[in-house]
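Residue numbers (my numbering): 66 to 584. Since the structure comes first, as C-alpha cells, the remarks are kept for the end.
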Amino acid sequence: MPLITPIVAAVSEPTAKPARFLLVGVGPHAKRTFIKHLKVLKDEGKAELVAAVDVIPNQARTEEYAAVHFPGPELIFVPMFRDPMPPSVVVQLDEVVARLGIDCVIISAEPECHKAYGLWAIRHGLHVIMDKPITVRRNAVTDISQAAGISEDYHELLEAYNELQTRKETFFLINSHRRYHPGFYCTSDMIAEIQAKTGCPVTNLVSTHCDGLWRLPGEIVDQHYHPFRYGYGKVSHSGYHFLDTTYLFMKAGWSASKRPDEIEVVSSFLMPNGFMRSVTTKDHQDIFGAEAYDATTGHSEKQVEELMETMGEYDAMLQIAFKREGEVVSTAHINLLHTGFSRRSWLENGKNPDLYKGVGRVKHESHEVRSGPFQTIVIDSRQANDKHDRSKPSTAELGSDNHFEVQSWRNCDVLGESDPLKVYTVADLDRRYDTQLPGIYSENVKRGILWEAVDYLKGNKLLNKMASNLADHSVPAALMSAAYASHVRRTLGLNPITRIDLSYSSSRCNHSPPLVHKC
Ligand SMILES: NC(=O)c1ccc[n+]([C@@H]2O[C@H](COP(=O)([O-])OP(=O)(O)OC[C@H]3O[C@@H](n4cnc5c(N)ncnc54)[C@H](O)[C@@H]3O)[C@@H](O)[C@H]2O)c1
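This is the structure in C-alpha cells:
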C-alpha cells in the first residue's frame, strides 16, 4: 500500500552540501518569494531548487515562466487534484524524490491540496515548508462537518508528523510570515517582559486586517483565485495570519497559573449577497456605466444573487473569549476584511492580470494589544498605493509601502521606566534585530522561513527553537475551524458560541490538541 507505508527510518544529519528543495505550486506567491529567495541561497551555496511541480493545465504557462526566471530545475506536471493524492501522482513524485535526493518540500500550491502533499512528504520523512492556511474546506460556511474538518485535517497532519518524529527528526514549518517579522516578535517580547515584571498577561486585543480589495460581482462568482465560490473566503485567504498573531500575542503573556483552559469563538460574517445590499448593482452601474458594467459582469443581477447564495465570507468579525476555570480572562476582537479603502477604479483587469497585487489592493493592518493597566502596544501599517512601482519611495512613512510602526505605551511610573511612549519604526526594528535589507519590507520578511530551514539543515538551529513548527499551530487551526463552525451554527438558528478546549497537556508525549466538534 504505497499511500500509507512509511518509507523512511533514518536520522536527519546536518548537510554540508546545498540543501535540495522541491517546490509544489509555481503560483504568484512562490514566484514572488520562494523562487526569488532560493536564487540568493543558491548563490550563497546553501540551498538549491532542484524541481518544481504544478498541474498539467498550467504546463505551458509554467514552462514559459521557468525558461525566463528559473531555468535549470526539473519541471513536473501532475493532473489537477485536491485530496487525496491520486496513486499515479504518488508513484510519479516518489520517483522524483528518490532520483533527485530531495531534502525539503515547499508546499505553495492552492490550499485545497496542502494536506495531500503534507501527508505524502511526511511519509517520505522530508522536511516541509507549507504556506498558510494549513488546509481549507469547501462549503465551510454552510456545512458544519466541513467547518470542523479544518481542525480534523490539522490533527491528521500532526499525528502523522508526530509519528515520524519517533523515527526521524524533521521540521514541518507553516509559512505564517509574521512569525519572522521583527515588529511582531518585538511585540511578543514586550508582552513577555510585562508578564515577567507584573504577572499580567494580555487582557484585550483588537486586530484589523483589510486586504483593500474590491472584487466586482462577476469576479466574485467566477474567480478561482483566492475564491469565494467554493464556500470559503477571507478567513481562509489572509485570515489565518491574524488568528496566528492573536495566538502568538496571547501566548507571549501566558504563565502556568494564567494560561486559559478554554476559548469561545463567536463569528459574524458579511457574505457576498450582504455586501451587494450595501453596494448594489445600480451603484456599480452608476460608477462604471450601466452598459459597460453589465457587459463585463456576464451574469444578470438575479443570477449573481443565486450564485452568491452559498459562497464564502466576504468580511469576517470574530469575538474571542479566553477563559480559565469558567471565567473570561481576556478578550480578542478580530476584523478580517476583504474590502475597505482600495485603489481600484477600473472595470476590467485585462489579460493575465495579477489577481493578488494588480487589482487595486492596498493593505491596512492594525493591532492594539493591552496587558491590563501596564501596557498597550499599537501596531500600525497602512499603504496608500496599490502597485509598488507607482508608489512613493519605500520609506517608513504613513501611506508608503514600508509603513510599519510599533508604539509601546507603558505605565512607566509603576514599571520604573522614564517614558510612557516609545515609537519604533521599521528602521529602528531593523537596527534592533539586525535584519536590514533593501526593498519592500514585508517581502523580505517572507524569506525568513527559508533562512530558518537552511539554518536547521546546516545544523545551526535546533528544532525546538524554530518559529513556526506544525505543533505550535493547534490554536490558530482550531480558531479557523471554530470561526466557520460558529457561522454555520448562527445561520441554523443555533447558539453561535463555539468552544475550543485548551485543557490538554502540551508535553510532547501527551499532546492532544483541541478539536472543533461537529455538533
Ligand atoms: N504569506 C503570504 O503573504 C501569502 C500570500 C499569498 C499566498 N499565500 C499562500 O501561498 C499559497 C500559494 O498561493 P498562490 O497565490 O500562489 O496560489 P494559487 O492558487 O495561484 O496556487 C499556486 C499554484 O498551485 C498550483 N496547483 C494547484 N493545485 C495543484 C496541485 N494539486 N498540485 C500542484 N500544483 C497545484 C496552481 O496551478 C498554481 O500555479 C497558498 O497557500 C496561499 O494561501 C501566502
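Glycine included, each C-beta is placed from N, C-alpha and C at the ideal position.
Relative to ligand 1, Ala174 has its C-beta within less than 8 Å of a heavy atom. Where Glu128 is concerned, there is no enclosing beta strand (DSSP E), although the alpha helix (DSSP H) around it starts and stops at 124-134. Glu413 carries a coil assignment under DSSP once its states are collapsed to helix, strand and coil. Not a single heavy atom of ligand 1 lies less than 8 Å from the C-beta of Pro541. For the pair of segments examined, the region 318-332 was found to touch the region 377-391: the number of CB pairs separated by less than 8 Å reaches three. Between Gly377 and Glu109, the alpha-carbon positions lie close to 43 Å from each other. The beta carbon of Lys511 sits closer than 8 Å to at least one heavy atom of ligand 1.
Ligand 1 has no heavy atom closer than 8 Å to the beta-carbon of Val161. In the DSSP assignment, Ile171 is bridged to Leu88, Ile194. The secondary-structure analysis by DSSP pairs Thr563 across a beta bridge with Val330.
Among the bridge pairs identified by DSSP, His432 is matched with Ser272, Ile444.
With distances taken between CA atoms, Ala542 lies nearest to Lys197 out of Val156, Ile141, Arg97, Lys197.
Under the three-state reduction of DSSP output, Trp516 falls in the helix class. Boundaries of the alpha helix (DSSP H) harbouring Trp185: 179-188, taken from the DSSP string. DSSP places Phe142 within a strand segment (E or B) once states are collapsed to three. Taking 8 Å as the cut-off, one finds at least one heavy atom of ligand 1 near enough to the beta carbon of Pro122. His432 places its beta carbon 9 Å or farther from that of Phe406. Per DSSP, the unbroken alpha helix (DSSP H) holding His102 starts and ends at 99-108. Looking at the backbone, the Cα of Gly190 and that of Val115 are separated by about 18 Å. Of the heavy atoms belonging to ligand 1, at least one sits nearer than 8 Å to the Cβ of His302.
Not one heavy atom of ligand 1 sits closer than 8 Å to the Cβ of Gly377. Ser395: member of the beta strand (DSSP E) spanning 392-402, first to last residue. Selection Val155, Ala95, Arg426 evaluated against Thr127 yields Ala95 as nearest (Cα-Cα).
Counting the other Cβ atoms within 10 Å of the Cβ of Asn509 gives 16 or more, which makes it buried. Between ligand 1 and the CB of Thr310, the shortest heavy atom gap is not smaller than 8 Å.
Taken through DSSP and simplified to helix, strand or coil, Leu278 comes out as coil. If you draw a straight line from the Cα of Asp495 to the Cα of Val471, it is about 12 Å long.
DSSP places Val510 in the helix class (H, G or I) of the three-state scheme. The three-state reading of DSSP puts Thr231 in coil, since its state is none of H, G, I, E or B. The C-alpha of Ala112 is placed about 10 Å away from the C-alpha of Leu522. In terms of Cβ geometry, Arg475 and Ile259 form a close pair [threshold 9 Å].
When secondary structure is reduced to three states using DSSP, Arg164 falls in the helix class. With contacts defined by Cβ atoms closer than 9 Å, Val206 and Val553 form a contacting pair. The closest heavy atom of ligand 1 lies 8 Å or more from the beta carbon of Cys275.
Under the 10 Å beta carbon count, Leu535 is surrounded by 16 or more other beta carbons and is classified as buried.
No heavy atom of ligand 1 is found nearer than 8 Å to the CB of Thr563.
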